[in-house]
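Below is one structure, written out as structure tokens, with a few remarks after it.
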Amino acid sequence: MIETRNLVHRYGDDGPAAVDGVSLSIDDGEFVLLAGPNGSGKSTLVRHFNGLLEPDEGAVLVDGAPVDENLVAARTKVGMVFQQPRDGFVAATVGADVAFGPENLGLSREEIDRRVDAALAAVNMTGRREERIDELSGGERERVAVAGALAMEPDHLVLDEPFTGLDAPARESVVDQLRALKEAGTGVVLVTHDLRDAVDLADRVVALADGRVAADGAPDEVRDRLPDLGIRVPPRREPRRP
Ligand code: ADP
Ligand code: MG
-11 MIETRNLVHR
-1 YGDDGPAAVD
9 GVSLSIDDGE
19 FVLLAGPNGS
29 GKSTLVRHFN
39 GLLEPDEGAV
49 LVDGAPVDEN
59 LVAARTKVGM
69 VFQQPRDGFV
79 AATVGADVAF
89 GPENLGLSRE
99 EIDRRVDAAL
109 AAVNMTGRRE
119 ERIDELSGGE
129 RERVAVAGAL
139 AMEPDHLVLD
149 EPFTGLDAPA
159 RESVVDQLRA
169 LKEAGTGVVL
179 VTHDLRDAVD
189 LADRVVALAD
199 GRVAADGAPD
209 EVRDRLPDLG
219 IRVPPRREPR
229 RP
């Protein structure tokens, strides 16, 4: 479980709060859409979930333990896939990149290989370990980035705007991977300013506005409030007739 308690984050000493008093609990296995317009604080918030940023006020806990007291545990439990994954690769080939995280956990070679194979299978990239990342398409790079996070076998996978720059088929493929992860019990926090791709998968939508939680609930409970917050939602589906 990920918890924030009255989390405040400022960039600079007396700047405005980018995250301004956010208290949230995200359960294991929960699929959360974190929505909000550009600049509403989404990336700043999620970067606290595994200690990439530290709170100015308040606390962040993973399974009850403060993140800053055990960064390794937090980073093992909360996987992070960034916006613009092309900047986030550490190795030249698919297999080496996906293996990097597990190698840093000090696992055996057999366990690392098992995890790399499982993570690549989960994103439909079995058999592509030797391929060079700089020769992949944007959608394939996104899948490698997801595989790298999955190889840590996290309880939660956080994806920050994974659809940016992807065409419709690549977006659909990412949505398919997320559906499979959800079915396998991995919690997902999907950061987006546009709900249309994945609202059907979500258990819950949390909307930020100016660094605060402006709406939090099941998609059907909150959707009517979202357009006013600058968040695009797909039209409601017609109820099926018998
Ligand atoms: P979002 O991900 O919702 O677009 P961000 O968390 O990136 O929002 O940004 C929240 C606020 O913090 C914005 O006003 C943004 O300009 C500011 N901000 C984000 N990153 C930095 C940074 N590295 N330095 C200074 N200000 C930042
Ligand atoms: Mg962002």
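Just so we're aligned, residue -11 is where the sequence shown starts under the numbering used here, counting upward by one. Where is the CB? At the ideal position from N, CA and C, for every residue including glycine. These numbers were taken from a predicted model, which means no experiment stands behind them.
Practice task
State the start and end residues of the unbroken beta strand (DSSP E) segment that holds Ala195.
Solution key: The count along the sequence shown starts at 1 and reaches residue 195 at position 207. For Ala195, the uninterrupted beta strand (DSSP E) segment begins and ends at 192 to 197.
Practice task
State buried or exposed for Leu59, treating a residue as buried only when at least 16 other CB atoms are found within 10 Å of its CB.
Solution key: Working through the sequence shown from its first residue, we reach residue 59 at position 71. Residue burial is scored here from C-beta neighbours: Leu59 has fewer than 16 other C-beta atoms within 10 angstroms and is therefore classed as exposed.
Exercise for the section: Entirely within the stretch 146 to 223 and at least 4 residues each: give me those alpha helix (DSSP H) ranges in chain order. Expected result: Within the stretch 146 to 223, the runs of alpha helix (DSSP H) at least 4 residues long that lie entirely inside it are, in chain order, 156 to 171, 207 to 210.
Exercise for the section: Could you check what DSSP says for Val(-4) in three-state terms: helix, strand or coil? Expected result: Looking up residue -4 in the sequence shown gives position 8. Val(-4): strand per DSSP, three-state reduction.
Exercise for the section: To the nearest angstrom, report how far apart Val34 and Arg220 are at their CA atoms. Expected result: Sequence index remark: in the sequence shown, residue 34 carries index 46 (1-based). Sequence index remark: in the sequence shown, residue 220 carries index 232 (1-based). Going from the Cα of Val34 to the Cα of Arg220 covers about 21 Å.
Problem - Asp8 in three-state terms, based on DSSP - result: Numbered from its first residue, the sequence shown carries residue 8 at position 20. In the structure shown, Asp8 sits in a strand (DSSP, three-state: E or B).
Practice task
Say yes only if the C-beta of Glu57 is nearer than 7 Å to one or more non-hydrogen atoms of the ligand MG, and no if none qualify.
Solution key: What you label residue 57 is simply residue 69 of the sequence shown in a count that begins at 1. Checking every heavy atom of the ligand MG against the Cβ of Glu57, none is found closer than 7 Å.
Problem - Member of Ala23, Gly83, Asp143, Leu154 whose CA lies at the smallest distance from the CA of Ile121 - result: Locating residue 121 in the sequence shown gives position 133, where the first residue counts as 1. Nearest of Ala23, Gly83, Asp143, Leu154 to Ile121, Cα basis: Gly83.
Problem - Beta carbon of Pro207 nearer than 8 Å to that of Ala190 - result: Taking the first residue of the sequence shown as position 1, residue 207 is located at position 219. Taking the first residue of the sequence shown as position 1, residue 190 is located at position 202. Their beta carbons are under 8 Å apart, which means Pro207 touches Ala190 by this criterion.
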